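Okay, structure first, notes after.
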Amino acid sequence: MVAAARSGNTIFRRFALPFLLVFLFVWFLYNFNTPPVVQNVEKAAISIPEQSIETLTTTVTDYVMATRTITEMIVETTTSVDVEQQEEVVLTNNKKLEQKGISTATSNDEEPYQREKACFVILARNTDRAGIRSAIQMIEDRFNHKYHYPYVFLNDVPFHQDFIDYTTALASGETFYGLVEEDMWGYPDWVDQDKAWELRDKMGELDIPYGDSESYRHMCRFQSGFFFRHPLLDNYDYYWRVEPDIHFTCDIDYDPFRFMRENDLKYSFTITLLEFEETIETLWDTTKEFIKKYPEYIIPFNSSDSFISWISPDNGESYNLCHFWSNFEIGSLNWLRSDAYLTFFNHLDKTGGFFYERWGDAPVHSIAAALMLRKSEMHFFYDMGYFHDHVTHCPDEPAWLPIEKCSCDPADSIDDDRLYSCTAEWLDVLERKRTTLLLHNEFPSLRTFLTSKGLNLFTANLHPIIILSFVLQTRA
Ligand code: GDP
Ligand code: MN
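Positions in the sequence shown are counted from 1; adding 8 to them yields my numbering.
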């Protein structure tokens with residue numbers, strides 16, 4: 009009797025218990041985090057499959073790829089930081105914030121969150137006050153109320169006290185206000201100002217945006233070659249550029265700065281566009297001279313790391329006008345401060361093209377990135393809904409939409425519009441699928457994901473086992 013009972017117990021432990029545990033695990037994986045609306049759809053649609061098993065395998069592979077990125081991200085963001093490695097600037101910032109009565113903990117953590125050496129950087133005029141306040145409010149609501157990153161405001165004239173007061177009031181992190189001196193905003197001595205004035209006048213007649221604006225040219229040159237060298241940015245490694253009246257239309261519930269550092273990323277974007285050709289007539293020829301003169305700074309075009317093909321259809325002969333829209337950027341200040349980038353900027357600047365033409369910082373940053381950065385050093389923040397000046401990027405992942413807390417309409421997103429945007433080409437060149445770019449901490453269950461793909465294939469009991477075998481296969 010005792011032996012029989014023991015052997016029954018052993019069989020249970022060896023076989024039934026592991027089976028039960030695996031079943032429960034799969035059931036949990038399958039059902040966890042399923043929004044009610046999807047459950048209803050699922051109930052209504054238990055039908056015989058039309059899709060082939062191949063479709064299911066591909067779909068599950070997509071899912072596994074996407075969740076792997078997210079799982080890595082979550083593990084990374086919750087890993088505790090070695091106290092000895094904490095940078096002094098972070099501690100100083102925390103202290104200052106606490107003195108201001110601002111909590112340095114994120115709302116979910118009891119331990120103070122160790123921010124990155126990073127800040128928002130906002131170049132603005134006093135007249136941009138309302139637009140900047142609106143932008144800050146949106147950043148706080150969608151992201152910074154949990155992280156309290158500081159803001160650095162820059163202006164070529166002193167900020168008015170009310171601008172300072174009204175923006176500090178909205179920020180949950182420290183705020184700093186700096187003047188941009190003439191060495192970063194004025195004319196360099198090699199530029200012929202009369203010639204610049206004449207050419208500006210001509211461009212104004214052609215109805216090109218900002219064609220006749222002098223201040224716009226100073227602004228573009230400053231954003232191309234100087235903001236990252238402003239003393240107020242000395243203590244930071246990463247920046248997030250913000251402009252008046254921008255919208256962030258999805259919750260950002262992870263720290264993009266940390267994501268940049270941990271993945272050794274140098275530059276990131278949300279929207280890509282085509283530049284007005286008339287504003288950069290000689291920019292590419294000037295760039296080609298740079299490529300010839302400084303090959304040591306260029307990722308060889310024949311390397312698989314190079315993404316020259318994103319900006320040039322003929323291996324560097326011509327420029328296709330594609331650029332990252334730089335009013336949103338999260339990037340590495342150290343990259344911009346590097347010899348490679350500064351040599352590029354100085355080479356461009358010497359020709360006076362920022363003034364004689366109207367070179368924008370967007371093509372300048374983008375060309376530099378395409379020449380000098382490896383594919384793996386760029387990131388498309390696909391999960392950040394973003395809007396500026398009538399152009400929208402809105403994530404359109406069907407499996408993700410029910411839970412992502414976005415207020416934008418994916419139908420308005422410019423991403424797939426190959427006439428105006430280069431984002432689809434960027435995904436092609438990098439051989440990236442959008443799903444692998446989702447970094448949002450929440451991701452739908454496998455069940456939600458499959459349902460969203462129209463895969464209501466099996467009865468409830470069969471589902472988990474079959475799916476598990478696919479998951480194991482795709483992981484193997
Ligand atoms: P657009 O996005 O290309 O249409 O250009 P914006 O007019 O939005 O300017 C880009 C950024 O530079 C915004 O953050 C502006 O506030 C800022 N900006 C533009 N011109 C000036 C200027 O003359 N002085 C200062 N301080 N900021 C400027
Ligand atoms: Mn703008």
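Idealized CB from N, CA, C, for every residue including glycine.
None of the values given here were measured: they were computed from a predicted structure.
Name the residue from the options whose alpha carbon lies nearest to the alpha carbon of residue i.
i	options	result
I254	E148, F309, S311, V160	E148
P264	F256, P252, W248	W248
P403	D242, F256, N152	F256
Y302	M380, N152, S415, D215	M380
G324	N310, F336, N335	N310
F388	L447, L214, S320, E251	L447
S142	Y121, T175, F284, Y327	T175
Y195	E222, Y244, Y349, V30	E222
R137	M146, P252, P410	P252
L273	M227, D245, S326	D245
Q493	F362, T351, E304	This structure cannot settle anything about residue 493, because the visible part of the chain is limited to 9 through 484.
Given this structure, state the Cα-to-Cα distance separating residue i from residue j, to the nearest angstrom.
i	j	result
E95	K125	Residue placement at E95 cannot be trusted, given a pLDDT of 40 that sits under 50; what the coordinates show is reported in the next sentence. Their Cα atoms are separated by approximately 8 Å.
L291	R266	34 Å
R384	D347	One point to set straight first is that residue 384 is Ser, not Arg, in the sequence displayed. Going from the Cα of S384 to the Cα of D347 covers about 20 Å.
R440	P166	45 Å
Y224	Y218	7 Å
C127	S314	29 Å
W205	I288	17 Å
F395	I338	15 Å
E190	T135	20 Å
E119	E182	19 Å
D242	R382	25 Å
R123	G360	39 Å
D173	P158	15 Å
K413	V437	30 Å
W193	P406	46 Å
T294	L178	43 Å
T18	L25	10 Å
D170	F336	26 Å
L28	R22	11 Å
D417	V250	22 Å
N271	W343	14 Å
H156	Y349	30 Å
K51	M268	With a pLDDT of 33 at K51, under the threshold of 50, the modelled position of this residue cannot be trusted; read the value that follows with caution. Cα to Cα, K51 sits roughly 41 Å from M268.
Between residue i and the rest of its own chain, which residues show a CB-CB distance below 7 Å, the 5 nearest in sequence each way excluded?
i	result
T280	C330, H331, F332, W333, S429, C430, T431, W434
I422	I279, V399, T400, H401, Y428, S429
M392	F256, C258, I260, T278
Is the CB-CB distance between residue i and residue j below 7 Å?
i	j	result
L445	Y364	no
D369	Q231	yes
R208	D220	yes
W318	A378	yes
T180	N152	The amino acid occupying residue 180 in the given sequence is Ser; Thr does not appear at that position. In this structure, N152 lies closer than 7 Å to S180 by Cβ.
L341	F235	no
A132	I144	no
V160	V188	no
I299	I306	yes
E285	I216	no
Take residue i and list the residues in its own chain whose beta-carbon comes closer than 6 Å to its own, dropping the five residues that flank it on each side.
i	result
L282	L329
V372	S232
M386	Y275
I375	T295
F184	V160, L240
If you drop the 5 nearest sequence neighbours on each side, which residues of the same chain put their C-beta closer than 8 Å to that of residue i?
i	result
P239	G186
K297	The displayed chain sequence assigns Glu, not Lys, to residue 297. Around E297: H355.
K358	W198
Using only the heavy atoms of the ligand SAH, determine whether one of them is closer than 6 Å to the beta carbon of residue i.
i	result
F309	In the structure shown, the ligand SAH is absent; the only ligands present are the ligand GDP and the ligand MN.
_Strictly closer than 7 Å from CB to any heavy atom of the ligand MN: give me those residues in the order they appear in the chain._
E251, P252, N335, H396, D397
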